[in-house]
Amino acid sequence: MKYILVTGGVISGVGKGVISSSFGAILKCCGIEVTMIKIDPYINLDAGTFSPYEHGEVYVLDDGGEVDLDLGNYERFLNITLHKDNNITTGKIYSSVIEKERRGDYLGKTVQVVPHITDAIQEWVEKEAQKPVSDNGKIPDVCIIELGGIIGDIESMAFVEAFRQFQFRVKRENFCVAHVSLVPQPKTTGESKTKPTQSSVRELRGLGLSPDIIVCRSERPIEISVKEKISNFCHVATQQIISVPDLPSVYEVPVFIENHGMADFLNDRLNLGIAPLPPRKRYMTKWIELGERIRHLKYEVVVAIVGKYTRLEDSYTSITKALHHAGNKLGYRVNIKFIEASNLEKTMLQDDPASYHNAWRELCLCDCVVVPGGFGKRGVEGKVEAVRWCRQNDKPFLGICLGFQAAVIEFSRNQLGLEDAHSTEVSEDTKNPVVIDMPEHNTGEMGGTMRLGKRTTVFKKSAANSKIKRLYGNKEKIEERHRHRYEVNPAYIERLEKAGLVFVGIDESQERMEILELENHPYFVAVQFHPEYLSRPMRPSPPFMGLILAARGDKHSDYSDSEEEVEVALKKLQIEHDTDNSSAYSSSSLP
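Under full-length UniProt numbering, residues 1 to 591 are what the sequence shown spells out, in order.
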């Protein structure tokens, strides 16, 4: 087993996740099996109870693991399926060590950070590195480990010490360190500043780890003279210092890094046994083509995301990626507008008229709308208002999780005449609880108690003409990842369906509603699951494909796809939508 440790310096959020994923993508193109591990030094057991404002979205895995959003990057870049233990936290490590101590596994010894915590970290990494993550079931050849935060953080010291020991445990020829550091380029001077990188590398080396590669993140490419200066002060060869400037798309990063000879370097450094590489255009073809396609998108689709956590765009990372995947495949540049759900509520007209009118103007000018998930009371009425507007104005709409529930609430109020219809999450005393909690998933504890992970959804026999079923290739069953604690109340389903809100997908028990569609609407689809988690750059998620198809109305199609099932489904999908009639979506349709 070979290991690549990716560390960060100067600031967090410098792009370690994308760099790590790019290393993996390059190796996979060379026929190497790769797995990934993300280390988060916080004491939480997992990311499940985090506010999205802390670290961005909570990403959900097949096995129900609630993990850091970087694992989403790994899965999207490498097309692999990770496990919850691929995300290591300080909380998990300490919990496992304390559990062993309580069992008496340490035979009365004093349990300390060194060696017990550091040994536990190394053992965890070795164990996870052996687990298959690809569809072929092969054991990985290389494990890439991203250490969260920056070198020097007190929280990560135990992990740094563990890897200092680990390099001797697995031998130097099997262990490589890549350090990702910011190179500031102040506009006042225009020159690249190397001191921060020098300092972070000095600290890393002082802790016993010497980088083999330094990845310099900057706004613009750095000059060769800057690389030589960093090489001189950081004891790393100039050719192993890689400049990665800001690029139009993160999916251009693998090709950009490979242009620096990364595959050859890793092959020599870790003795990977890669056969002599063919010309770059042959083994990186799919990434080159994807990058070229993104650069030459001709048309634009404006998508409004009506959310509760819009102050931090990372709160919706997987949804934005899924929208871009679908847009790229269909030949559209996706322009995303974030709208704070609470600004659409009527109470805002009195409290903050400017925010209210700006929010509604943004909504009216978009081509389609996504109402994503969320928790708690705040902003729910705004989401319901957005759903109402989409339904009444034939605006293409995709609801996800809470967005699915908001669609049920809105339809119940305005089509069934149940004015107080609501979710018991928001209004426990409502006389018409159209959305209720699932008792087995509402134990009173917050962490890990939801309906989580990949689950099967079955299309009803009556769903033969369903748009969403066609988008899924007319499959009878699909599997998607879930994260929710509430469901549609079965007592109201018959009334909703008679009024035109059709539930086309249910769970295997045939008790829980999973997918709904509105009859006689261009595209009004909502799902209880989270389709964004399984979207990939080369294989976009079907619900998002349908949304972009409906938004563009087949007006500027340059779509082509060799995947027969999806291609047939998309060709059959008829969008009855006059794209030239935009009067219904002008600012005059403000409520």
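All residues carry an ideal CB built from backbone N, CA and C; glycine is no exception.
Any contact of the stretch 192-201 with the stretch 7-16, i.e. 3+ C-beta pairs under 8 Å?
-> yes
For D68, which three-state DSSP category applies?
-> Counting from 1 along the sequence shown, the entry for residue 68 is found at position 68. Coil at D68, not helix or strand.
Closest residue to Y283 among F529, S21, I26, P542 (Cα-Cα distance) = Start at 1 with the first residue of the sequence shown, and residue 283 comes out as number 283. When each option's Cα is compared against that of Y283, the closest is I26.
For L182, which option in G13, K2, M1, S509 has the closest C-alpha, if you only look at C-alpha atoms?
-> By one-based count along the sequence shown, residue 182 stands at place 182. Nearest option by C-alpha distance: G13.
In the structure shown, what three-state DSSP assignment does I19 receive?
-> The count along the sequence shown starts at 1 and reaches residue 19 at position 19. In the structure shown, I19 sits in a helix (DSSP, three-state: H, G or I).
Element boundaries [beta strand (DSSP E), containing C368] = Position 368 of the sequence shown, counted from the start, is the residue given in the question as residue 368. Per DSSP, C368 belongs to the beta strand (DSSP E) from 368-371.
So, residue 593 versus K227, is the Cβ gap smaller than 7 Å?
-> In the structure as shown, the chain begins at 1 and stops at 591. Residue 593 is therefore absent and cannot be evaluated.
From the DSSP output, in three-state form, read off R164 for me.
-> Residue mapping note: residue 164 aligns to position 164 of the sequence shown, counting from 1. In the structure shown, R164 sits in a helix (DSSP, three-state: H, G or I).
Short Cβ contact (7 Å threshold) for L272 with C176 | Position 272 of the sequence shown, counted from the start, is the residue given in the question as residue 272. Position 176 of the sequence shown, counted from the start, is the residue given in the question as residue 176. No.
Where does S562 fall in DSSP's three states?
-> Locating residue 562 in the sequence shown gives position 562, where the first residue counts as 1. Note that S562 scores 38 on pLDDT, short of 50, meaning its location in the model is unreliable and no value can be drawn from it.
Over what stretch of residues does the alpha helix (DSSP H) that includes Y332 continue unbroken?
-> Sequence index remark: in the sequence shown, residue 332 carries index 332 (1-based). Element bounds for Y332: not the alpha helix (DSSP H) but the beta strand (DSSP E), 332-340.
Where M545 sits in the DSSP three-state scheme | Against the sequence shown, residue 545 aligns to sequence position 545. Reduced to three states, the DSSP call for M545 is helix.
Using the rule of at least 16 other Cβ atoms within 10 Å of the residue's Cβ for burial, across every protein chain shown, is I139 buried or exposed?
-> As a first step, residue 139 is located in the sequence shown; it is residue number 139 there, counting from the start. Exposed, by the Cβ-count rule.
6 Å Cβ shell around A407 - same chain, five flanking residues per side excluded = Here residue 407 is taken as the residue at index 407 of the sequence shown, counted from 1. Cβ within range, chain order: V387, G399, A526.
Keeping to the same chain, check which residues put their C-beta closer than 7 Å to that of K469; ignore five residues upstream and five downstream.
-> Position 469 of the sequence shown, counting from 1, holds the residue named residue 469. Closer than 7 Å at the Cβ level, and outside the excluded window around K469, lie F459, A463, V504.
Can you tell me whether DSSP reads T238 as helix, strand or coil?
-> In the sequence shown, the residue the question calls residue 238 occupies position 238. Residue state, collapsed to three classes: helix.
For K383 versus A341, is the C-beta spacing smaller than 7 Å?
-> Within the sequence shown, numbered from 1, the residue matching residue 383 stands at position 383. Within the sequence shown, numbered from 1, the residue matching residue 341 stands at position 341. Yes, these two residues count as a Cβ contact at 7 Å.
How would you call D367, buried or exposed, if buried means at least 16 neighbouring beta carbons within 10 angstroms?
-> Position 367 of the sequence shown, counted from the start, is the residue given in the question as residue 367. Per the 10 Å Cβ criterion, buried.
For R172, the three-state DSSP class (helix, strand or coil) = Translated into positions along the sequence shown, residue 172 becomes position 172. R172: helix per DSSP, three-state reduction.
DSSP three-state assignment for L516, whether helix, strand or coil | For the purposes of this step, residue 516 is taken as the residue at position 516 of the sequence shown. Strand, per DSSP.
Are there 16 or more other CB atoms within 10 angstroms of the CB of V113, so buried, or fewer, so exposed?
-> Against the sequence shown, residue 113 aligns to sequence position 113. Exposed is the call here.
Out of R205, Y251, K395, T317, state which residue places its alpha-carbon closest to the alpha-carbon of P372.
-> Translated into the one-based positions of the sequence shown, residue 372 becomes position 372. The shortest Cα separation from P372 among R205, Y251, K395, T317 belongs to T317.
N- and C-terminal bounds of the beta strand (DSSP E) containing T7 | Within the sequence shown, the letter at position 7 stands for residue 7. Per DSSP, the continuous beta strand (DSSP E) segment holding T7 begins and ends at 2-9.
Report back the beta-carbon spacing between Y492 and S412 to the nearest angstrom; my notes put them in contact at under 8 Å.
-> Counting from one through the sequence shown, the residue named residue 492 turns up at place 492. Counting from one through the sequence shown, the residue named residue 412 turns up at place 412. With 8 Å as the limit, Y492 and S412 qualify as a contact, their Cβ atoms being about 7 Å apart.
So which of D141, E203, V67 has the shortest CA-CA distance to residue 647?
-> Because the chain is modelled from 1 through 591, residue 647 falls outside the range shown and cannot be assessed.
Quick one, which of Y299, D70, N328, T238 has its alpha-carbon nearest V18's?
-> By 1-based counting over the sequence shown, the position of residue 18 is 18. It is D70.
The beta strand (DSSP E) spanning E487 covers which residue range?
-> The count along the sequence shown starts at 1 and reaches residue 487 at position 487. Looking at the DSSP string, the run of the beta strand (DSSP E) that includes E487 is 486-488.
Would you say the stretch 117-129 touches the stretch 61-79, given that touching needs at least three Cβ pairs under 8 Å?
-> no
Report yes if the CB atom of residue 606 is closer than 7 Å to the CB atom of I213, and no otherwise.
-> Outside the shown range of the chain (1 to 591) lies residue 606, about which nothing can therefore be said.
Nearest CA to the CA of E146: which residue from V301, S20, S423, L45?
-> The residue you call residue 146 lines up with position 146 of the sequence shown. Of V301, S20, S423, L45, the residue nearest in Cα terms is S20.
Below 8 Å, can you find three or more Cβ-Cβ pairs linking the stretch 449-457 to the stretch 478-485?
-> yes
In three-state DSSP terms, what is A569?
-> Within the sequence shown, residue 569 is the residue found at index 569, counting from 1. With a pLDDT of 42 at A569, under the threshold of 50, the modelled position of this residue cannot be trusted; read the value that follows with caution. Helix.
With DSSP as the reference, label G399 as helix, strand or coil.
-> The residue given as residue 399 occupies position 399 in the sequence shown. Note: G399 maps to strand in three-state DSSP.
Contacts around Q415, its chain only, beta-carbon distance under 6 Å, and the 5 residues preceding and following it disregarded | As a position in the sequence shown, residue 415 is number 415, starting the count at 1. Excluding sequence neighbours, Q415 sits near A499.
Cα-Cα separation between P537 and I294, rounded to whole angstroms | Locating residue 537 in the sequence shown gives position 537, counting from the first residue. Locating residue 294 in the sequence shown gives position 294, counting from the first residue. Rounded to whole angstroms, the gap between the alpha carbons of P537 and I294 is 11 Å.
Would you mind giving the Cβ-Cβ distance between D40 and G148, rounded to the nearest angstrom? I have them listed as a contact below 8 Å.
-> Counted from its first residue, the sequence shown places residue 40 at position 40. Counted from its first residue, the sequence shown places residue 148 at position 148. That belief holds up - the Cβ atoms of D40 and G148 are roughly 5 Å apart, short of 8 Å.
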